[in-house]
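Q:
Numbering (my numbering), first residue to last: 46 to 220.
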């Protein structure tokens, strides 16, 4: 199945997911349906996605789903208040990834798509703190690079500087 994975990021994300939540399992994947939703389904998961609701304004939407785990792949950096969504989740397992803040680049902002903007550029310790403060216990983490095939200082730095951060965390009890 890895030959279908279009990016190194997808391969690492799927391996991290399978390590901590073997299929079959039912997942609420925060964010609209996307190519990775399909990859998860092809690998034995039942996947529900949120439908584009503003999770900053409606964090309680996550309570509508009874699932084995919640996933959030490249989602929390887009929210103004990810703490609120994290507190509302009733599942006891969460698997997330975020792009890490890179000292050699500024925060990403699309000028044409309001949803395609990063409000947060997390360092790993900041993201860990967010999870812990919202009631999660971090069980495992992993980082990986995101090299690109171009010439220049930034492409060289991307070969050695971790860009993505994956976290598996659990809550002790359901509200």
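We treat Cβ as the ideally placed atom computed from N, Cα and C, and that holds for glycine.
Please classify residue 197 as buried or exposed, where buried requires at least 16 other C-beta atoms within 10 Å of its C-beta.
A: Burial call: exposed.
Q: At which residues does the alpha helix (DSSP H) containing residue 67 begin and terminate?
A: Looking at the DSSP string, residue 67 is not in any alpha helix (DSSP H), and its letter there is neither H nor E.
Q: If you draw a straight line from the alpha carbon of residue 26 to that of residue 136, how long is it in whole angstroms?
A: Since the first residue of the chain shown is 46 and the last is 220, residue 26 is not available in this structure.
Q: Across the segment 202-220 and the segment 182-191, are there enough close Cβ pairs to call them in contact, namely three or more that are closer than 8 Å?
A: Yes: the two stretches touch, three or more of their Cβ pairs being nearer than 8 Å.
Q: Rounded to the nearest angstrom, what separates residue 118 and residue 140 at their Cα positions?
A: Those two C-alpha atoms are separated by around 8 Å.
Q: Is residue 94 helix, strand or coil when you go by DSSP?
A: The answer is strand: DSSP assigns residue 94 an E or B state.
Q: Considering only the alpha carbon of each residue, which of 91, 189, 145, 75 lies closest to residue 99?
A: Answer by Cα proximity: 75.
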